[in-house]
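Taken in sequence, the protein lines are chains A and B.
So in the numbering used here, spot 216 of the first sequence is number 354, and the numbers just go up one at a time.
So in the numbering used here, spot 219 of the second sequence is number 231, and the numbers just go up one at a time.
Where is the CB? At the ideal position from N, CA and C, for every residue including glycine.
Keep in mind that this is a model prediction, so the values were computed, not measured.
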Amino acid sequence: MSRGVGARTGADAPAVDCRELVYRFGPVVAVDGVSFSVSAGEVFGLLGPNGAGKTTTIRVLTTLLRPEEGEIDVFGLATHRFPMQVRRMLGYVPQQLSVDAQLTGYENVWLFARLFDVPRRERRRRVLDALDLVGLSSVADRLAATYSGGMIRRLELAQALVHRPLVLVMDEPTIGLDPIARSAVWERVLELRAMFGMTVLLTTHYMQEADELCDRVGLMHRGRLRALGSPASLKAEIGPEATLDDVFRSYAGDELSEEGGTYSDVRRTRRTAGRLG
Amino acid sequence: MSAVRVEPRVGSADRPSLLASARTLGGRCLTLCLVELAKVRHDRTELYTRAIQPALWLLIFGETFTRIHAIPTGRIPYLDYLAPGIMAQSALFIAIFYGIMIIWDRDFGILTKLLATPTPRAALVAGKAFAAGVRAISQVVVVLVLSAILGVTFDWNPLRLAGAILAVVLGSAFFSTLSVTIAGLVMTRDRLMGIGQAITMPLFFGSNALYPVALMPAWLRTLTVVNPLSYEVNALRGLLLGTASNLPVDFAVLLVSSILGILVASSLLPRLAR
Numbered sequence: 139m140s141r142g143v144g145a146r147t148g149a150d151a152p153a154v155d156c157r158e159l160v161y162r163f164g165p166v167v168a169v170d171g172v173s174f175s176v177s178a179g180e181v182f183g184l185l186g187p188n189g190a191g192k193t194t195t196i197r198v199l200t201t202l203l204r205p206e207e208g209e210i211d212v213f214g215l216a217t218h219r220f221p222m223q224v225r226r227m228l229g230y231v232p233q234q235l236s237v238d239a240q241l242t243g244y245e246n247v248w249l250f251a252r253l254f255d256v257p258r259r260e261r262r263r264r265v266l267d268a269l270d271l272v273g274l275s276s277v278a279d280r281l282a283a284t285y286s287g288g289m290i291r292r293l294e295l296a297q298a299l300v301h302r303p304l305v306l307v308m309d310e311p312t313i314g315l316d317p318i319a320r321s322a323v324w325e326r327v328l329e330l331r332a333m334f335g336m337t338v339l340l341t342t343h344y345m346q347e348a349d350e351l352c353d354r355v356g357l358m359h360r361g362r363l364r365a366l367g368s369p370a371s372l373k374a375e376i377g378p379e380a381t382l383d384d385v386f387r388s389y390a391g392d393e394l395s396e397e398g399g400t401y402s403d404v405r406r407t408r409r410t411a412g413r414l415g
Numbered sequence: 013m014s015a016v017r018v019e020p021r022v023g024s025a026d027r028p029s030l031l032a033s034a035r036t037l038g039g040r041c042l043t044l045c046l047v048e049l050a051k052v053r054h055d056r057t058e059l060y061t062r063a064i065q066p067a068l069w070l071l072i073f074g075e076t077f078t079r080i081h082a083i084p085t086g087r088i089p090y091l092d093y094l095a096p097g098i099m100a101q102s103a104l105f106i107a108i109f110y111g112i113m114i115i116w117d118r119d120f121g122i123l124t125k126l127l128a129t130p131t132p133r134a135a136l137v138a139g140k141a142f143a144a145g146v147r148a149i150s151q152v153v154v155v156l157v158l159s160a161i162l163g164v165t166f167d168w169n170p171l172r173l174a175g176a177i178l179a180v181v182l183g184s185a186f187f188s189t190l191s192v193t194i195a196g197l198v199m200t201r202d203r204l205m206g207i208g209q210a211i212t213m214p215l216f217f218g219s220n221a222l223y224p225v226a227l228m229p230a231w232l233r234t235l236t237v238v239n240p241l242s243y244e245v246n247a248l249r250g251l252l253l254g255t256a257s258n259l260p261v262d263f264a265v266l267l268v269s270s271i272l273g274i275l276v277a278s279s280l281l282p283r284l285a286r
């Protein structure tokens, strides 16, 4: 067995297996020994405030960053050893609104169909199917610049799904959206999960959303994973009327953190919210 | 739509062959060039506004200096001598600020998402570089049309025109990778704008675009030797005017510069995604 191939590989391996992950930005330890595992078909949420280390973890998972210590495997393949193979298994929706406003909805999805090597004979149908899945068929020929915030998020979902990934990774997918658009995005995600049986790994700091959507959650704070389990079990540990917010407070405390997100974290979040209007 | 459960296609640990990697590189370049063409098709404003500068250089600078015979260009009228230089300069001005588009892509999350696709970094940079070349072709067309109107005696042989387009595409590819390299180092639009403006004029005036190298002081001649813009202009003059040139050397310098530029820029690209 070559280095970087996990003990369990292929369809029997966990969809995502994160082991003792450490990542630093200079002197700041962004992720500090985080371990968790996500089974195939599960909806798993990484929760926590800005600066908790969620996005850095996602960036290692999506092969954008190389782990300094520890590793993440996707279906048994280490992200830093087999980045190309791992990327083919992932669909990624980043925190920022990442569609190209100068292209139409169709062209935005078509671009990702080509980059993920969707065969030419199937490409057009797959692009149209992906747009249909997210309810954007009727506006496929409009420039993405004319889309609303909720439509852009759905277009990003179509981009992430056109190659039918095994794992859908979403970093704060509903940040800045109004409640109706948020619920519309989640409805689509759950429909697609039921349809394709894919694994979903998301980050959010909306605890209520995570409570309703996730099979299991991991609570992150200051780079560490403070709690891991199903929303129901975590709440039960605190008390009969507890919410996930209560769970989070019990692990992270109530103190204001001066390290709660860097300037670029806040700028990214505000830019996304600003673009959504 | 009916519910269709897709069988998992778990990735294999096998490495792709060299041939498969080459196909990926070519396919990604083509894809990014097609995307660039689609953007130009949706908004042609840039094509019109970018035509203004070469028009001014040819109509005002070129016509005036042709009349006053200030720059000796042998048997070739100065306007004819200038036109290939302006073609290369116009393409340079597009390419040298291409890094700003990469920073925009970074800020809007587009770059992050592209980097998370199964696309080698070098293929992404090469795709962006040749996309800059695709945009620069519009400048070739503008200068050719203006030159025809102004009576410049180009060789209109289609093969020579194709060669001129290739020279401009390669030159633009190099300068866009230079821009992406600077973007990877300085990380912000403002700094890149400043550096771009600081290096554009030395690249332009330190080449043979406006005047023969023989007229330059010795120290400036040294700069022309290491300036790929000079080789691009040489190739364009050789192809379009039939002047003495060494096309194999000119194209070899442009090709090697572009490849080196792609390698250096792709090594810096991940810095932008951090």
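Could you give the distance in angstroms between the alpha-carbon of Leu-44(B) and the alpha-carbon of Gly-139(B)?
Here residue 44(B) corresponds to residue number 32 of the second sequence, with the count starting at 1. Here residue 139(B) corresponds to residue number 127 of the second sequence, with the count starting at 1. Here the alpha carbon of Leu-44(B) sits roughly 5 angstroms from the alpha carbon of Gly-139(B).
Given Leu-394(A), which residues of its chain have a CB within under 6 angstroms of its CB, disregarding the five upstream and five downstream residues?
Taking the first residue of the first sequence as 1, we reach residue 394(A) at position 256. Residue confidence is low: Leu-394(A) scores 49 on pLDDT, short of 50, so the model does not pin down where it sits. No coordinate-derived value is stated.
Please decide whether Glu-245(A) counts as near chain B, where near means a Cβ-Cβ distance under 7 angstroms.
Here the question's residue 245(A) lines up with position 107 in the first sequence. By this cut-off, Glu-245(A) is an interface position.
Mind checking Pro-303(A): buried by the 16 CB within 10 Å criterion, or exposed?
Position 165 of the first sequence, counting from 1, holds the residue named residue 303(A). Flag for Pro-303(A) reads buried.
Starting from Gly-171(A), follow its DSSP beta bridges and name the residues at the other end.
Walking along the first sequence from the start, residue 171(A) turns up at place 33. Paired residue(s): none; Gly-171(A) is not in a bridge.
Any beta carbon of chain B sitting closer than 7 angstroms to that of Thr-200(A)?
Taking the first sequence and counting its residues from 1, the one referred to as residue 200(A) is at position 62. Yes, because at least one Cβ of chain B sits closer than 7 angstroms to the Cβ of Thr-200(A).
Using CA atoms only, rank isn't needed, just tell me which of Asp-267(A), Ala-322(A), Ala-283(A) is closest to Val-296(A).
Residue mapping note: residue 296(A) aligns to position 158 of the first sequence, counting from 1. Correcting the residue identity first, residue 296(A) is Ala in this sequence and not Val. It is Asp-267(A) whose Cα lies nearest to the Cα of Ala-296(A).
Would you report the Cα separation of Pro-187(A) and Met-358(A), rounded to the nearest angstrom?
Reading the first sequence from its first residue, position 49 is the one you call residue 187(A). Reading the first sequence from its first residue, position 220 is the one you call residue 358(A). Taking the straight line from one Cα to the other gives about 8 angstroms.
At what residues does the alpha helix (DSSP H) containing Glu-48(B) begin and finish?
The residue labelled residue 48(B) in the question sits at position 36 within the second sequence. Here the alpha helix (DSSP H) through Glu-48(B) covers 30 to 54.
Mark Arg-292(A) as exposed unless 16 or more other C-beta atoms lie within 10 angstroms of its C-beta, in which case mark it buried.
By 1-based counting over the first sequence, the position of residue 292(A) is 154. Arg-292(A) comes out buried.
Chain-ordered neighbours of Lys-125(B) on chain A, where CB pairs are closer than 7 angstroms:
Here residue 125(B) refers to the residue found at position 113 when the second sequence is read from its first residue. Those within 7 angstroms of Lys-125(B) in chain A are Tyr-230, Pro-232, Ser-236.
Per DSSP, His-359(A) forms a beta bridge with which residues?
Locating residue 359(A) in the first sequence gives position 221, counting from the first residue. Answer is Arg-362(A), bridged to His-359(A).
Name the DSSP bridge partner or partners of Phe-163(A)?
The residue given as residue 163(A) occupies position 25 in the first sequence. Answer by DSSP bridge pairing, in chain order: Val-166(A).
Should Val-307(A) be labelled buried (16 or more other beta-carbon atoms within 10 Å of its own) or exposed?
Translated into the one-based positions of the first sequence, residue 307(A) becomes position 169. Result: buried.
Please determine, among Arg-249(B), Val-181(B), Lys-51(B), the residue with the shortest C-alpha to C-alpha distance to Ile-287(B).
Nothing about residue 287(B) can be reported from this structure: the residues present for chain B run from 13 to 286 only.
Looking at chain B, which residues of the region 201 to 222 of chain A have a Cβ within less than 9 angstroms of any of its Cβ atoms?
Thr-201, Leu-202, Leu-203, Arg-204, Val-212, Phe-213, Gly-214, Leu-215, Arg-219, Phe-220, Pro-221, Met-222
Between which two residues does the alpha helix (DSSP H) carrying Glu-310(A) extend?
Position 172 of the first sequence, counting from 1, holds the residue named residue 310(A). Counting along the chain, Glu-310(A) sits inside no alpha helix (DSSP H), nor does DSSP assign it H or E at all.
Would you identify the three-state DSSP class for Thr-189(B), choosing helix, strand or coil?
Position 177 of the second sequence holds residue 189(B). Looking at Thr-189(B) - three-state DSSP - the assignment turns out to be helix.
Can you tell me where the beta strand (DSSP E) holding Phe-182(A) begins and where it ends?
One-based indexing of the first sequence puts residue 182(A) at position 44. Here the beta strand (DSSP E) through Phe-182(A) covers 181 to 185.
To the nearest whole angstrom, what separates the beta carbons of Leu-269(A) and Val-305(A), a pair I think is in contact under 8 angstroms?
Looking up residue 269(A) in the first sequence gives position 131. Looking up residue 305(A) in the first sequence gives position 167. Actually they do not touch by this definition, with Cβ atoms about 21 angstroms apart.
Considering only DSSP beta bridges, list what Gly-287(A) is partnered with.
Position 149 of the first sequence, counted from the start, is the residue given in the question as residue 287(A). Answer is none; Gly-287(A) lacks a bridge partner.
Could you name the residues of the same chain whose beta carbon sits closer than 6 angstroms to that of Pro-89(B), not counting the 5 residues immediately before and after it, in chain order?
By one-based count along the second sequence, residue 89(B) stands at place 77. So the list reads Thr-78, once near-sequence residues are dropped.
Using only alpha-carbon positions, find the residue among Gln-151(B), Leu-215(B), Gly-183(B), Asn-246(B) that is nearest to Gly-273(B).
Taking the second sequence and counting its residues from 1, the one referred to as residue 273(B) is at position 261. The shortest Cα separation from Gly-273(B) among Gln-151(B), Leu-215(B), Gly-183(B), Asn-246(B) belongs to Gly-183(B).
Any beta carbon from chain A within less than 7 angstroms of Lys-140(B)'s own beta carbon?
For the purposes of this step, residue 140(B) is taken as residue 128 along the second sequence, with counting starting at 1. False, the Cβ-Cβ gap to chain A never drops below 7 angstroms.
In chain B, which residues lie with their C-beta within 7 angstroms of the C-beta of Leu-299(A)?
Position 161 of the first sequence, counted from the first residue, corresponds to residue 299(A). Within chain B, no residue comes near Leu-299(A); the closest Cβ sits about 10 angstroms away, beyond 7 angstroms.
Closer than 7 angstroms to chain A by CB, Val-192(B):
Walking along the second sequence from the start, residue 192(B) turns up at place 180. Answer no: the Cβ-Cβ gap between Val-192(B) and chain A never drops below 7 angstroms.
For the region 146 to 166 of chain B, which residues have a CB atom closer than 9 angstroms to at least one CB atom of chain A, in sequence order?
none
Return the residues of the region 252 to 269 of chain A that lie within a Cβ-Cβ distance of less than 9 angstroms from chain B, sorted by chain order.
Arg-252, Leu-253, Phe-254, Asp-255, Asp-267
Starting from the beta carbon of Arg-40(B), find every residue of chain A whose beta carbon is closer than 9 angstroms, and list them in chain order.
Numbered from 1 along the second sequence, position 28 holds the residue referred to as residue 40(B). Those within 9 angstroms of Arg-40(B) in chain A are Arg-252, Leu-253.
What residues from the region 92 to 116 of chain B come within 7 angstroms of chain A, judged by C-beta to C-beta, listed N to C?
none
Under 9 angstroms (Cβ pairs) to chain A, residues found in the region 41 to 56 of chain B:
Leu-42, Thr-43, Leu-44, Leu-46, Val-47, Ala-50, Lys-51, His-54, Asp-55
Hey, Glu-356(A) and Phe-174(A): beta-carbon distance below 7 angstroms or not?
In the first sequence, the residue the question calls residue 356(A) occupies position 218. In the first sequence, the residue the question calls residue 174(A) occupies position 36. Contrary to the premise, residue 356(A) reads as Gly rather than Glu in this sequence. Yes. Within cutoff.
Whole angstroms are fine: how far does the CA of Arg-147(B) sit from the CA of Arg-53(B)?
Here residue 53(B) refers to the residue found at position 41 when the second sequence is read from its first residue. Here residue 147(B) refers to the residue found at position 135 when the second sequence is read from its first residue. Approximately 11 angstroms, taken between the alpha carbons.
How about Phe-120(B) and Gln-233(A): are their beta carbons less than 7 angstroms apart?
Position 108 of the second sequence, counting from 1, holds the residue named residue 120(B). Position 95 of the first sequence, counting from 1, holds the residue named residue 233(A). Contact: no.
Spell out whether any CB of chain B is found under 7 angstroms from the CB atom of Leu-249(A).
Your numbering for residue 249(A) matches position 111 in the first sequence. Yes, because at least one Cβ of chain B sits closer than 7 angstroms to the Cβ of Leu-249(A).
Glu-158(A) in three-state terms, based on DSSP
The residue labelled residue 158(A) in the question sits at position 20 within the first sequence. Strand, per DSSP.
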